[in-house]
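*Asks:* First the structure, which I've put down as structure tokens, then a few questions once you've had a look.
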Amino acid sequence: MSIQFQIDATRGSARLGTLITPHAVVETPIFMPVGTLGSVKGVPQDLLEELRVQILLGNTYHLYLRPGVETVRRLGGLHGFMAWDRAILTDSGGFQVFSLNELRKVTEEGVTFRSHLDGSSHFFSPESSMEAQIGLGADIIMAFDECTEFPADRERMRTSMEMTARWAERSKEYFEEHKNEVPWKTVSSFEFQVSSGGADARNSKPETRNLDRTQSLFGIVQGGMDLELRKESALRTVEIGFPGYAIGGLSVGEPREVTREVVEATLEYLPADQPRYLMGVGTPEEIATYAGMGVDMMDCVLPTRAARHGLLFTSEGKVSIKQARYAADPGPLDPACGCRVCRRYSRAYLRHLYAANEVLAQVLNTVHNLSFYLDTMRRVRHSIRLGEGTRSPSGVSSQPKP
Ligand SMILES: [Zn+2]
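Residue numbering for the sequence shown follows my numbering, starting at 117 and increasing by one per position.
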């Protein structure tokens, strides 16, 4: 096995776990910041380390187009290229091909698409997505799937889900044959220490484990918003057999209650002892809710993208820092936040930086939002460990500030 997952405590459906990857021990439930092009926009890697980020997400579609997989591979994979020695997960490229390309052509073989950068023609298949993701060398990579658009009729959802299942088999087959080509594989196994009570535990004895130093491939459940198709997709994907499973195709424009319903219905059919990854969600409240339902891993561009637009998540609700009401506000952005931005700067200064279009505004806003998301998940993990409910951990709110 190239990853290990252990559940250290449960509370209702929520699980506190330890995910051991070749590059980091990750405490779950975890929020993974998105580093689309090998960079979490505006935040240097040493600051991500200070924020105690253990795992980052990279986007295969973007890295494949620029700088190109071969360049990254020759420089030691994403870990070497971006000087990040903790864990990385890459998506399959499928979601971006579907969301950024109106001229794509989908066949059983794969997807032909045009680069959003220069209009050049490219082709992704399960095999070429695996080849790209092996070259990028993330710890966890994703099966190539078709993200069904919303809304879609049932026939379309079924056809799409069935193709995703066939693509999952092809992804796994290619991955199993080529996984040893990962660019950072320099030893056949590695040792690390983990406390037997999980990475959070202070008093338990460390133990040494051995893992194969290779990547892991996760399967993805699709099926649109149809609960029966979701069940079938989950069962078929689990039958193919992966070390972890993702729920894909959500947050594509459907109402939030529907997202929640699909997540709940899908989780039921995923193995309880393996990591479950919900792709591309959500607000701080939502990620706490999904963790409470038994999701272990999540990612979302919301904290980083919103930060660049001056929208900040705080314990008192959402703050739109561009508003004139903050122009002379001497207080910290979030009095309950211990991040380096809230400890040092006033709302008035942050508002000024944003209004003056200073690069520093994007950096500071992103650092705070990421810190808020990571703290939210820390509180969730803490409440599971203490045996409290996790549906509404104190201090998590994304309602507009009154
Ligand atoms: Zn802060």
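No residue lacks a Cβ here, since even glycine has one placed at the ideal position from N, Cα and C.
Would you kindly check if the distance between the Cβ of L205 and the Cβ of I523 is under 8 Å?
*Replies:* Residue 523 lies beyond the residue range present for the chain, which begins at 117 and ends at 518; the question has no answer from this structure.
*Asks:* Can you tell me whether DSSP reads R352 as helix, strand or coil?
*Replies:* helix
*Asks:* Return no unless some Cβ of chain C is closer than 8 Å to the Cβ of F211.
*Replies:* The question asks about chain C, but that chain is absent: this structure has only one protein chain.
*Asks:* Between S436 and ligand 1, is there a pair consisting of the residue's CB and a ligand heavy atom that are separated by less than 7 Å?
*Replies:* Not so, every heavy atom of ligand 1 lies at least 7 Å from the Cβ.
*Asks:* Quick check on DSSP: helix, strand or coil for S436?
*Replies:* Strand at S436.
*Asks:* By a C-beta neighbour count over all protein chains shown, 10 Å radius and 16 as the cutoff for buried, is R182 buried or exposed?
*Replies:* That one is exposed.
*Asks:* Check K221 in the structure and name its three-state DSSP category.
*Replies:* strand
*Asks:* If T430 sits next to F488, beta carbons under 8 Å apart, how far is it from one beta carbon to the other, in whole angstroms?
*Replies:* 7 Å
*Asks:* Would a C-beta distance cut-off of 8 Å place V397 and L343 closer than the cut-off?
*Replies:* no
*Asks:* Keeping to the same chain, check which residues put their C-beta closer than 6 Å to that of G209; ignore five residues upstream and five downstream.
*Replies:* For G209, where only same-chain residues beyond five positions count, the Cβ hits under 6 Å are T176, Y177, F240 and S245.
*Asks:* For ligand 1, which residues have a Cβ under 6 Å from at least one heavy atom, in chain order?
*Replies:* L449, D450, C453, C455, V457, C458, H484 and S487
*Asks:* Could you tell me whether any non-hydrogen atom of ligand 3 is closer than 7 Å to the CB of Y393?
*Replies:* As presented, the structure is devoid of ligand 3, carrying ligand 1 as its sole ligands.
*Asks:* For P468, which three-state DSSP category applies?
*Replies:* Pro is not the amino acid found at residue 468; the sequence shown has His there. In the structure shown, H468 sits in a helix (DSSP, three-state: H, G or I).
*Asks:* So, helix, strand or coil for A130, using DSSP?
*Replies:* In the structure shown, A130 adopts extended strand secondary structure according to DSSP, grouped into three states.
*Asks:* Using the Cα positions of P400 and T492, report the straight-line distance between them to the nearest angstrom.
*Replies:* Cα to Cα, the separation comes out at about 7 Å.
*Asks:* If you compare alpha carbons, which of K295, G339, A281 and S231 is closest to E271?
*Replies:* G339
*Asks:* Can you tell me where the beta strand (DSSP E) holding V457 begins and where it ends?
*Replies:* That residue, V457, is in no beta strand (DSSP E); its alpha helix (DSSP H) goes R456 to R460.
*Asks:* Is it the case that the Cβ atoms of H139 and R202 are separated by a distance below 8 Å?
*Replies:* Contact flag set, yes.
*Asks:* Check the DSSP bridge columns for G209 and list the partner residues they point to.
*Replies:* BP columns for G209 are empty, so no partner.
*Asks:* Could you tell me the alpha carbon to alpha carbon distance between D316 and R230, rounded to whole angstroms?
*Replies:* Because D316 sits at a pLDDT of 49, beneath the cut-off of 50, its placement in the model cannot be relied upon, and the point is left open.
*Asks:* For a minimum of 4 consecutive residues, which ranges assigned as the alpha helix (DSSP H) are wholly contained in the stretch 135-193?
*Replies:* Within the stretch 135-193, the complete alpha helix (DSSP H) runs of at least 4 residues are 161-166, 176-181 and 185-190.
*Asks:* A444: buried (16+ other C-beta within 10 angstroms of its C-beta) or exposed?
*Replies:* exposed
*Asks:* Measure the alpha-carbon distance for Y465 versus E370 and round it to whole angstroms.
*Replies:* 37 Å
*Asks:* Would you call the stretch 354-373 in contact with the stretch 290-299, where contact means no fewer than 3 C-beta pairs closer than 8 Å?
*Replies:* no
*Asks:* Rounded to the nearest angstrom, what separates E265 and V496 at their Cα positions?
*Replies:* 32 Å
*Asks:* Are D261 and T275 close, meaning C-beta to C-beta below 8 Å?
*Replies:* no
*Asks:* Compare the beta carbon distance of L173 and M148 with 8 Å and say whether it is the shorter of the two.
*Replies:* yes
*Asks:* Please report how far the alpha carbon of I437 lies from the alpha carbon of N485, in whole angstroms.
*Replies:* 12 Å
*Asks:* By Cβ distance below 6 Å, which residues in the same chain neighbour D501 in space, the five residues on each side in sequence not counted?
*Replies:* For clarity, residue 501 is Arg in the given sequence; the question names Asp instead. Here the set comprises A125 and L132.
*Asks:* Short of 8 Å in beta carbon distance, which residues of its chain neighbour L394, apart from the five on each side in sequence? Order them along the chain.
*Replies:* A362, I363, L366, V379, Y406, V411, M413 and M414
*Asks:* On the premise that L167 lies in contact with L490, defined as a C-beta separation below 8 Å, what is that separation, rounded to the nearest angstrom?
*Replies:* 6 Å
*Asks:* Do you know whose CA, among T134, T137, Y180 and A404, lies nearest G154's CA?
*Replies:* Y180
*Asks:* At what residues does the alpha helix (DSSP H) containing I250 begin and finish?
*Replies:* P242 to L252
*Asks:* Would you mind working out which of R460, N473, G503 and S237 sits nearest V483, comparing C-alpha positions?
*Replies:* R460
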